[in-house]
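Visitor: Please find one structure pasted underneath; my questions will follow.
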Amino acid sequence: MTDPRKRHTLPTIADVAELAGVSRAIASRALSSEPRPVSADKRERVLAAAAKLGFKPNLLARSLTTKTVNLVAVIVNHIHDLSDLDLFDLLISQIQSIGKQVIFVRVGSAERIDEFLRNGIAYHVDAALVFSDFADAETVRKMFRNDSVLMLNGMRDASSPAIIPDEQVGIAAAVTDARNKGVRSALLVTGRSASPVEQTRIAVYKSELQRQEIRLVAELRGDYSYQSGRHVASSSDWQAADAVFCTSDAMAMGVLDVHRNAFPDNRPRTFRLYGFDDVTLAEYEAYPISSIGYDKAAYIDEILKFLREPALFNAGEKLIQVPTYFVARSSS
1 MTDPRKRHTL
11 PTIADVAELA
21 GVSRAIASRA
31 LSSEPRPVSA
41 DKRERVLAAA
51 AKLGFKPNLL
61 ARSLTTKTVN
71 LVAVIVNHIH
81 DLSDLDLFDL
91 LISQIQSIGK
101 QVIFVRVGSA
111 ERIDEFLRNG
121 IAYHVDAALV
131 FSDFADAETV
141 RKMFRNDSVL
151 MLNGMRDASS
161 PAIIPDEQVG
171 IAAAVTDARN
181 KGVRSALLVT
191 GRSASPVEQT
201 RIAVYKSELQ
211 RQEIRLVAEL
221 RGDYSYQSGR
231 HVASSSDWQA
241 ADAVFCTSDA
251 MAMGVLDVHR
261 NAFPDNRPRT
271 FRLYGFDDVT
281 LAEYEAYPIS
291 SIGYDKAAYI
301 DEILKFLREP
311 ALFNAGEKLI
321 QVPTYFVARS
331 SS
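Residue numbers (UniProt numbering): 1 to 332.
This is the structure:
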């Protein structure tokens with residue numbers, strides 16, 4: 001009689017191969033998340049056998065064979081902006097589609113980076129994607145003891161490539177739109193100026209405003225968030241201008257809510273309003289904000305190229321730029 005307390009052994013890849021009538025090597029290839037050569041008939045038999053046995057791959061054992069762990073680290077300052085949600089939901093989905101999983105490391109400050117270095121990071125990852133502007137490439141390479149680091153924060157060095165949106169095209173189109181509608185003066189509501197991406201963005205706005213002969217009345221500091229948009233729109237520094245350019249849609253939404261009386265039926269009465277990021281919420285009636293965006297799918301496709309082909313990380317200072325575009329909505 002079988003002892004009911006006896007623990008059943010888990011099915012192995014050998015069990016799957018035997019049931020499917022194939023070799024262990026073919027069974028392993030058929031169950032791999034990577035594109036590996038195996039006939040459709042054999043793959044189908046292996047998958048059916050695995051399902052029948054309830055077989056689940058041993059990721060640790062696989063990592064020892066393939067030298068990968070199928071983990072990707074994503075380094076961020078925080079996740080609280082609407083544009084973060086739009087981007088990272090799609091990014092996670094696409095990374096998972098190639099058989100990898102994501103771990104997020106929230107930095108929050110430059111001091112936290114030092115803390116991570118002192119205490120060490122307990123993760124072995126295949127690559128690190130750096131969105132945080134508190135983290136430079138060399139530091140991240142040390143954190144993970146890994147040279148596969150992709151910079152997405154406007155910074156790069158001789159050993160780590162970078163991907164960034166080319167914001168010149170979109171900003172130029174937005175400012176031209178304002179000029180064509182009679183705008184002669186503008187406010188600029190900015191995010192964290194220590195960010196290299198934000199520094200470049202501000203410089204492009206100022207250059208385009210000057211080129212279009214639009215006077216910059218004031219530059220007001222926010223932090224990309226909705227709350228900071230509300231704050232600057234309610235502050236004593238707020239001055240009359242023909243247009244307000246915000247370097248994030250979330251801040252533009254805060255401005256719009258404070259000044260709803262200036263947008264009857266969502267149309268500008270006293271000033272025109274422009275955001276940045278082209279978040280999904282801007283497509284709806286509540287916040288129809290003219291905005292600058294970029295093709296997030298194309299941007300993520302460039303990221304996936306590096307994850308699929310690790311040798312590309314040896315490209316060093318290689319810089320890939322994804323073009324931006326302007327979307328006119330009723331706020332302008």
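Virtual Cβ for every residue (Gly too), placed ideally from N, Cα, C.
Rounded to whole angstroms, how far is the Cβ of Leu273 from the Cβ of Val232, which I believe are closer than 8 Å?
Guide: With a Cβ gap of about 13 Å, Leu273 and Val232 do not count as contacting.
Visitor: In the DSSP assignment, find the beta strand (DSSP E) that holds Tyr226 and state where it starts and stops.
Guide: First-last for Tyr226: Tyr226 to Ser234, but that is the alpha helix (DSSP H), not the beta strand (DSSP E).
Visitor: Might you give, ordered along the chain, the residues of its own chain that have their beta carbon closer than 6 Å to the beta carbon of Ala282, omitting 5 neighbours on each side?
Guide: Asp249, Ile289 and Ser291
Visitor: Taking 8 Å as the threshold (C-beta atoms), are Ala128 and Val149 in contact?
Guide: yes
Visitor: Among Ala328, Val169, Ser332 and Lys305, which residue has its Cα nearest to the Cα of Gln94?
Guide: Per the Cα distances, Lys305.
Visitor: Taking only three categories from DSSP, how would you classify Leu64?
Guide: Note that Leu64 scores a pLDDT of 43, beneath 50, so its modelled location is shaky; the value from the coordinates is reported in the next line. In the three-state scheme derived from DSSP, where H, G and I count as helix and E and B as strand, Leu64 is classed as helix.
Visitor: Less than 8 Å separating the beta-carbons of residue 376 and Leu220?
Guide: Outside the displayed range of the chain (1 to 332) lies residue 376, so it cannot be described from this structure.
Visitor: To which residues of the same chain is Phe276 closer than 7 Å at the C-beta, ignoring the five residues directly before and after it?
Guide: Taken in chain order, the residues that qualify are Cys246, Thr247, Ser248, Asp249, Ser291 and Ile292.
Visitor: When you compare only the Cα positions, how much space is there between residue 344 and Ala297?
Guide: For the chain, the structure presents residues 1 to 332; residue 344 sits outside this window and is missing.
Visitor: So for Met151, helix, strand or coil by DSSP?
Guide: It is a strand residue.
Visitor: Considering only residues of the same chain and omitting the five flanking positions on each side of Val217, which have a CB-CB separation below 7 Å?
Guide: Closer than 7 Å at Cβ, skipping near neighbours: Ser185, Ala186, Leu187, Gln239 and Ala241.
Visitor: What do you get for Thr280, buried or exposed, if any count of 16 or more other CB atoms within 10 angstroms of its CB means buried?
Guide: exposed
Visitor: Is DSSP giving Ala14 helix, strand or coil here?
Guide: helix
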